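As structure tokens, the structure follows; a few thoughts come after it.
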Amino acid sequence: MLTLHYYPGNASLAPHMVLEELGVPYALELVDRTQGAQNSEGYRRLNPTGLIPTLVDGDQPIFETAAILLHLADRFPEAGLMPPVGTRERALAYQWLIHLTNTVQPAYITYYYPDRYSTDPAHAPAVKAAAEQRLNGMFDLLEKALEGKHYLLGDTVCVADHMLLMMVRWGRNFAGRPPRTLPNLGAHAARMVERPAVRQAFEREGLAAPWY
1 MLTLHYYPGN ASLAPHMVLE ELGVPYALEL VDRTQGAQNS EGYRRLNPTG LIPTLVDGDQ
61 PIFETAAILL HLADRFPEAG LMPPVGTRER ALAYQWLIHL TNTVQPAYIT YYYPDRYSTD
121 PAHAPAVKAA AEQRLNGMFD LLEKALEGKH YLLGDTVCVA DHMLLMMVRW GRNFAGRPPR
181 TLPNLGAHAA RMVERPAVRQ AFEREGLAAP WY
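Numbering (the UniProt record's numbering), first residue to last: 1 to 212.
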């Protein structure tokens with residue numbers, strides 16, 4: 001049995017979308033951040049980092065969003081959410097997924113939690129603004145990568161596309177230029193949310209439109 005420990009709209013959203021794409025039985029377990037549940041003894045036994053998400057597959061907990069996405073794609077290869085091992089397409093899927101988790105996501109952490117990056121609270125607005133500027137540059141790169149393509153690999157969806165949609169969603173309230181306003185990224189997001197599995201995940205989490 002698969003169980004996804006999640007919080008609505010958090011980094012658990014990408015694995016949730018993929019679970020819906022797979023069409024396999026799974027359970028959702030809310031980790032209520034508003035009550036500090038991510039720091040509970042029970043959750044920390046599953047995920048010692050106290051971060052969300054955690055996927056439990058049988059008796060094996062797995063944390064880190066990208067690791068969960070790759071595990072699900074490999075666990076259910078018939079869904080075709082990752083290209084075959086050793087192919088050029090597989091290498092590109094790795095590239096974009098790791099770029100999103102290693103480069104884009106940390107910049108979002110700075111954007112949403114600027115107080116963690118300065119000992120002076122007065123500096124938090126400047127830290128946040130700088131993070132948004134860096135993210136704009138990252139989304140310029142992704143906008144170019146989508147030129148002439150429906151998805152990051154071309155015409156075929158892979159788990160990196162679900163991660164990208166989540167990243168675009170997180171920037172929906174940028175003060176300057178939300179990622180959806182870039183034509184290729186906006187078209188990609190619109191295409192993704194038309195997928196029934198993606199819509200089902202958003203609806204199950206109670207996330208209100210507009211979704212990105």
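Beta carbons: idealized from backbone N, C-alpha and C, even for Gly.
Treat the numbers as computed from the prediction; the structure is a model and nothing was measured.
When you compare each of P210, R199, W211, D155 to G80 by their alpha carbons, which one comes out closest? Nearest C-alpha to G80: D155.
Going by beta-carbon coordinates alone, are G50 and Q38 separated by less than 8 Å? One thing to note: G50 has its Cβ within 8 Å of the Cβ of Q38.
Go through its chain and collect everything with a Cβ distance to L135's Cβ below 6 Å, but skip five positions before and after it. Around L135, the same chain offers A107 as residues with beta carbons nearer than 6 Å, after the five sequence neighbours per side are excluded.
Whole-number beta carbon distance between I109 and A66, since they are thought to touch under 8 Å: Contact between A66 and I109 does not hold, since the beta-carbon distance rounds to 15 Å and is not under 8 Å.
State the DSSP-derived secondary structure class of E78, mapped to helix, strand or coil. Helix.
Please list the terminal residues of the continuous alpha helix (DSSP H) segment that includes D161. Note, D161: alpha helix (DSSP H), 159-170.
Does the Cβ-Cβ distance between I52 and N10 come in under 8 Å? The Cβ atoms of I52 and N10 lie closer than 8 Å to each other.
By Cβ distance below 7 Å, which residues in the same chain neighbour F76 in space, the five residues on each side in sequence not counted? Apart from sequence neighbours up to five positions away, the residues of its chain that approach F76 with a beta-carbon distance below 7 Å are L22, V24, ordered along the chain.
Below 8 Å on the Cβ atoms is my contact criterion, and I expect G176 with E132 to pass it. Report the Cβ-Cβ distance as a whole number of Å. Yes, G176 and E132 are in contact; Cβ-Cβ is about 6 Å, under 8 Å.
Which of helix, strand or coil DSSP assigns to D57: Note: D57 maps to strand in three-state DSSP.
Residue range of the alpha helix (DSSP H) that includes H16: From DSSP, the alpha helix (DSSP H) with H16 extends over 13-22.
Please classify E194: is it buried, with 16 or more other beta-carbons within 10 angstroms of its beta-carbon, or exposed? E194 should be labelled exposed.
For L152, which residues from the same chain have a beta carbon less than 6 Å from its beta carbon, with the 5 sequence-adjacent residues on both sides left out? Within the same chain, L152 has close Cβ partners W96, A160, D161.
Is DSSP giving L92 helix, strand or coil here? In the three-state scheme derived from DSSP, where H, G and I count as helix and E and B as strand, L92 is classed as helix.
Measuring only the C-alpha atoms, how far is P15 from V85? Take the alpha-carbon of P15 and the one of V85: they are about 20 Å apart.
Use the C-beta contact count for G137: other C-beta atoms within 10 angstroms, 16 or more gives buried, fewer gives exposed. Burial call: exposed.
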